[in-house]
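Below you'll find the structure, written out as structure tokens, and then a few comments.
Number of protein chains: 2
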Amino acid sequence: MQIEILTLSELTPEIQNQVADLYQQLNANNSQRPLSEILDSDNQVLFISCKINNLIVGTALLSTYKVISGYRGMVDDVVVDASHRGKGIGRKLMQKLLEEGKKIGLDEILLFTGHHRTPAIALYTSLGFHLRKSGIYNLKLN
Amino acid sequence: MQIEILTLSELTPEIQNQVADLYQQLNANNSQRPLSEILDSDNQVLFISCKINNLIVGTALLSTYKVISGYRGMVDDVVVDASHRGKGIGRKLMQKLLEEGKKIGLDEILLFTGHHRTPAIALYTSLGFHLRKSGIYNLKLN
């Protein structure tokens with residue numbers, strides 16, 4: 001098992017297909033942004049992948065940005081292939097993500113997850129995340 | 001009153017001081033990132049300002065990033081000078097932010113705000129934001 005950062009130079013149609021298939025397990029109906037956009041150097045996003053036998057079986061993304069209140073990272077798209085769950089892959093992806101976040105000097109890492117997603121919440125709180133006394137609001141434009 | 005995007009080429013020590021004073025009203029003890037970092041071209045953040053008589057009296061920031069699930073914008077640092085509240089400046093800043101977010105093709109705009117911040121919540125919901133059934137978690141690294 002390899003936990004590593006995926007870069008644009010490694011992107012192949014095969015990797016794009018693997019990620020598309022994996023992500024579809026999470027949201028079968030949602031549209032997906034292509035990896036070429038995500039890995040573009042203008043997009044300040046770290047793409048952490050877990051590979052087993054050269055197949056991507058897990059992802060966790062860390063988007064980074066600087067605002068007045070600090071240098072922030074936002075976690076998105078934490079997915080582990082259904083046939084590889086229970087092996088601690090989610091934890092390993094998140095540990096790598098936190099390590100990279102510290103390395104680049106982030107002040108804070110944020111994430112949001114559904115109130116009903118008990119295993120995910122247990123993972124995040126065990127890694128030191130705290131529930132804020134705030135609500136998360138969204139507005140869909142597309 | 002002018003609602004406009006602040007760019008790096010316009011940044012002066014005077015503007016930095018105005019924003020620092022304004023932001024201190026919100027968080028007197030919190031450290032602040034310098035505007036030079038926020039306005040840097042590597043940082044995909046739109047800085048919306050409200051100026052009255054050439055003085056910055058309000059800000060709203062929109063950080064943008066692409067992940068598999070979409071092209072997202074996150075709202076931060078919405079602040080209006082205490083002596084200029086009740087003039088609809090927060091709404092005008094947010095309207096400009098939404099307009100710019102649509103223009104660059106965002107799929108979704110996100111924000112979080114304290115459960116106790118009733119006027120802010122009223123503003124955001126009146127602009128079309130919906131409370132998600134999710135919790136927001138953070139981990140401070142600094």
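Protein chains in written order, with this note's numbering: chain F, 1 to 142; chain U, 1 to 142.
Yeah, the Cβ is synthetic: ideal placement off N, Cα and C, and Gly gets one too.
Length of the line joining the Cα atoms of residue i and residue j
i, j, result
"Ala60(U)", "Gly70(F)", "14 Å"
"His116(F)", "Leu131(F)", "14 Å"
"Ser63(F)", "Gln24(F)", "21 Å"
"Ser31(F)", "Lys140(F)", "13 Å"
"Asp21(U)", "Leu111(U)", "23 Å"
"Asp40(F)", "Pro34(F)", "10 Å"
"Ile5(U)", "Ile38(F)", "25 Å"
"Thr118(U)", "Ser134(F)", "11 Å"
Per-residue contacts from residue i into chain F (C-beta, under 8 Å)
i, result
"Leu106(U)", "Leu141 and Asn142"
"Gly101(U)", "Leu141"
Proximal residues of chain U, C-beta to C-beta of residue i below 7 Å
i, result
"Glu37(F)", "Lys66"
"Gly128(F)", "Leu139"
In DSSP terms, what residue i is bridged to
i, result
"Leu111(U)", "Tyr137(F)"
"Arg72(F)", "Tyr65(F) and Glu108(F)"
"Glu4(F)", "Ser49(F)"
"Ala60(U)", "Ile48(U)"
Within chain B, partners of residue i - CB distance below 9 Å
i, result
"Gly114(F)", "Among the chains of the structure shown, chain B does not appear; the protein chains present are F and U."
Contact set between residue i and chain U, taken where Cβ atoms lie within less than 8 Å
i, result
"Asn29(F)", "Correct list: empty, because the minimum Cβ distance to chain U is about 12 Å."
"Asn43(F)", "Gln44, Tyr65 and Lys66"
"Leu61(F)", "Val67 and Ile68"
Chain-ordered neighbours of residue i on chain U, where CB pairs are closer than 9 Å
i, result
"Arg33(F)", "Lys66, Val67, Ile68, Ser69, Gly70, Tyr71 and Asp107"
Under 7 Å by beta carbon: chain F residues contacting residue i
i, result
"Leu111(U)", "Tyr137"
- [ ] With 7 Å as the C-beta to C-beta threshold (strictly closer), list the residues of the segment 65-77 of chain U near chain F in chain order.
- [x] Tyr65, Lys66, Val67, Ile68, Ser69, Gly70, Tyr71, Met74, Asp76 and Asp77
Task: the segment 83-96 of chain F / the segment 74-82 of chain U touching (three or more Cβ pairs under 8 Å) - done: no
Task: contact_flag[the segment 12-26 of chain U, the segment 111-125 of chain U] where n(CB pairs < 8 Å) is 3 or more - done: no
Open item on the list: With a threshold of 8 Å, are at least 3 pairs of Cβ atoms found where one atom belongs to the segment 42-51 of chain F and the other to the segment 50-57 of chain U?
Closed with: no
Task: Meets three-Cβ-pair contact criterion under 8 Å: the segment 97-111 of chain U and the segment 93-103 of chain F - done: no
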